[in-house]
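2 protein chains.
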Amino acid sequence: MDHNDVFYKFVAFTASLHRVTHELTKDARPDSITPVQYSILEHLAVSQPVTPSQLSDCLYISMPNTSRELRKLAEKHLIEKVEDSEDRRKHYIRLSKEGQLMMDEAFAGIQARFYKRIEHASPEDVEDMKHALDVLQKHLFK
Amino acid sequence: MDHNDVFYKFVAFTASLHRVTHELTKDARPDSITPVQYSILEHLAVSQPVTPSQLSDCLYISMPNTSRELRKLAEKHLIEKVEDSEDRRKHYIRLSKEGQLMMDEAFAGIQARFYKRIEHASPEDVEDMKHALDVLQKHLFK
DNA sequence: TAATTTACTTATCAAATGATAATTAAAGAG
DNA sequence: CTCTTTAATTATCATTTGATAAGTAAATTA
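One line per chain: the protein sequences are A and B, in this order. Per the working numbering, numbering through the first sequence is continuous, rising by one, with the last residue being 143. Per the working numbering, numbering through the second sequence is continuous, rising by one, with the last residue being 143.
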């Protein structure tokens, strides 16, 4: 077995995951928002609240562009901005009720397609997958 | 442990992988090509040759846009097109020498950053990761 | 062999995204 | 109290990407 196996496996894996993610999330995004806006909402759905700077860092969107997209999302009533009471330069962004609802729906659809995709897997397989995700999370993303 | 653990782990994992992939591949793409063009070359680097239709399917780019980007890549001498001798409607796309070189360099950089990222992992950890990638590949992407 | 389908191309337009410069307002440092 | 830094915004422009309509040429089908 070659020493470089891990890297090649990783590359192949990443390509596959990219494809599957696209498959799972297609049709999940409402037409009323753009892909970048969806990625912002998705990030918010997972970690709330965040500041515009944090979003900018995590999603690799420049501050001016982050600001523009957040304004558009606010105009669509999908997010809310709150000033930090300690440092009034900082703003905290969170999903609005409406935004939360939109993302709940999106995730429900994704989740349904996800489970359909692994419906053939036995309970032991599922445990194996959980463990595998943990292992990679630990060594690769720590 | 909740029944939905796999899905949540999967979502968190996907977000992490997305972030890491961005980190690994940033600076890998030469300024002379656009992100979409890079994704085409990347796909070619992994599976060669492919037809424009296959590229269109795999990368979710419409045929007209695929055609346009392939033309641009050909103008930059990064790919070559060959007609199928049996069915002259079909074209096979492969990297040119120059394109192969560009992708070799890109992958070398990515690989270096990848190994730096897991340099703390023991040989056993690496084996665990390989196994984990195989497990997920098998159950999730089959 | 005429009609249809497939693979791909060209042209064009609109929308989304990226990049830069300049500005505001608050906080922190000297 | 001034100077500098930080967080975010506004305005503007170029580029990239997406979407659609129309067209060509080869293969397939009826």
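Glycine included, each C-beta is placed from N, C-alpha and C at the ideal position. Just so it is clear, the structure is predicted and the values come from calculations on it, not from any experiment.
Asked	Found
Contact set between the region 99–121 of chain A and chain B, restricted to residues whose Cβ is under 9 angstroms from the partner	F108, I111, Q112, F115, Y116, R118, I119 and H121
Inter-stretch contact (C-beta, 8 angstroms, three-pair minimum) for the region 9–21 of chain B and the region 119–136 of chain B	no
is_contact[A:H140, chain B] using C-beta, thresh 7 angstroms	yes
Cβ neighbour criterion (16 or more within 10 Å) applied to A:A113	exposed
7 angstroms Cβ cutoff, A:L56 in contact with chain B	no
The region 27–37 of chain B contacting the region 72–82 of chain B, beta-carbon criterion three pairs below 8 angstroms	yes
Element boundaries [beta strand (DSSP E), containing B:Y61]	Counting along the chain, B:Y61 falls outside any beta strand (DSSP E), and DSSP gives it neither H nor E.
B:K117 versus B:L18: straight-line alpha-carbon distance, rounded	16 angstroms
Beta-ladder partner(s) of A:A94, from DSSP	Sequence check: residue 94 of chain A is Ile here, not Ala. Beta-bridge pairing links A:I94 to A:V51 and A:K82.
The region 22–29 of chain B touching the region 102–113 of chain B, judged by at least three CB pairs closer than 8 angstroms	yes
A:S40 versus B:L45, B:R20, B:S57 and B:Y39, residue with shortest Cα-Cα distance	B:R20
7 angstroms Cβ cut-off: residues of chain A touching B:Y61	H23
Cβ-Cβ distance between B:V1 and B:E70 below 7 angstroms	Only positions 2 to 143 of chain B appear in the structure, and residue 1 of chain B is not among them; the question remains open.
Sequence-distant residues of the same chain with beta carbon closer than 7 angstroms to A:P50, five excluded per side	Y93, I94 and R95
CA nearest to the CA of B:D126, picked from A:D135, A:S48, A:M103 and A:I62	A:D135
Residue range of the alpha helix (DSSP H) that includes B:T22	D6 to T26
Contact under 7 angstroms by Cβ, A:K91 with A:T52	yes
Length of the line joining the Cα atoms of B:L45 and B:L56	9 angstroms
Same chain, Cβ closer than 7 angstroms to B:G100, neighbours up to 5 away in sequence not counted	L42, L79 and I80
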